[in-house]
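In our numbering, the protein residues as written are 1 to 307.
Each residue gets a CB set at the ideal place from its N, CA and C atoms; glycine is no exception.
These numbers were taken from a predicted model, which means no experiment stands behind them.
Since the structure comes first, as structure tokens, the remarks are kept for the end.
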């Protein structure tokens, strides 16, 4: 009797409640060595050792049914540990995804946090095909139903991964919000609408001439040439004259200012972010030279249009 401990002594020693020990007894997980004639539970040192193991298993988040099997030897410890590790890893991924979601929500305006939380939760649940449909719907809406070059369209919306990492989920949520932004959609719409003043028979040639200026910009970025560089300005002037002739105009300062405003209307710094996010989701290597080329061209046009 002197070697046995009362339930209160065991509870104090192990740092658990008396109610917990009674619960373990009812479940058969920790049955006391003896029960006194008065009904008091009495525990041995072996019982205390079993309790420590039980607590260690609970600390590793094993459920009580699995713990019972481990304590009675009816469950393989190696298999139980392996399964529990998988469960915890799954729970960890779930928590990490919730952290990504809440971080995205917290970046919004405080008064819209709760509605945004529901919206982002719905976006986070979408599968790959649903994500592609979501992007296609909003991009087509922005571009008045036009999809532009087929290869560019496929790159923009198709072949998204089925399973997203935490970083991928963060990229997807940002991308989904970007394509629904009114300003971003307006820019996309401007890119697909006919250019005022360009004759129908000159549309293709106009597009090629604009692309030539964009190529000029990318090349200038690669060569680290200043937008005000004399050679660069001469090349820009030649391209502007080609564009002006198609519209029956002179490449004067008024035309240059008009073209600058046009290019600003079809350009959005967030387009660079859009392609960065798409590249991240698809595992591409992204280079910012295209966006840098547009920025260079806008700066060069602003210089050419200045008094």
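{"Asked": "Tell me whether the region 242-250 and the region 205-222 touch, counting them as touching only if at least three CB pairs, one residue from each stretch, are closer than 8 Å.", "Found": "yes"}
{"Asked": "What does the alpha-carbon distance come out to for the pair residue 259 and residue 224?", "Found": "24 Å"}
{"Asked": "Is residue 31 helix, strand or coil when you go by DSSP?", "Found": "coil"}
{"Asked": "Is DSSP giving residue 1 helix, strand or coil here?", "Found": "Residue confidence is low: residue 1 scores 49 on pLDDT, short of 50, so the model does not pin down where it sits. Its coordinate-derived value is still stated next. Reduced to three states, the DSSP call for residue 1 is coil."}
{"Asked": "Could you pull the DSSP bridge partners for residue 6 from this structure?", "Found": "42"}
{"Asked": "Is the Cβ-Cβ distance between residue 64 and residue 95 less than 8 Å?", "Found": "no"}
{"Asked": "With a threshold of 8 Å on Cβ separation, who are the neighbours of residue 77 within its own chain once the five nearest residues in sequence on each side are excluded?", "Found": "70"}
{"Asked": "Can you look up residue 187 in the DSSP assignment and give me helix, strand or coil?", "Found": "helix"}
{"Asked": "Rounded to whole angstroms, what is the Cα-Cα separation between residue 201 and residue 220?", "Found": "31 Å"}
{"Asked": "Under the three-state reduction of DSSP, which class applies to residue 75: helix, strand or coil?", "Found": "coil"}
{"Asked": "Along the chain, where does the alpha helix (DSSP H) containing residue 255 start, and where does it finish?", "Found": "253-265"}
{"Asked": "Looking at the structure shown, is residue 280 part of a helix, part of a strand, or coil, going by DSSP?", "Found": "helix"}
{"Asked": "Do the CB positions of residue 297 and residue 217 come within less than 8 Å of each other?", "Found": "yes"}
{"Asked": "Quick one: using the 10 Å Cβ neighbour count with 16 as the cut-off for buried, is residue 163 buried or exposed?", "Found": "exposed"}
{"Asked": "Which residues bound the alpha helix (DSSP H) around residue 180?", "Found": "Careful: residue 180 lies outside any alpha helix (DSSP H) and carries neither H nor E."}
{"Asked": "Just to confirm my understanding: we take residue 166, look at its own chain, exclude 5 residues before and 5 after, and list those with CB closer than 7 Å. What are they?", "Found": "96, 97, 100"}
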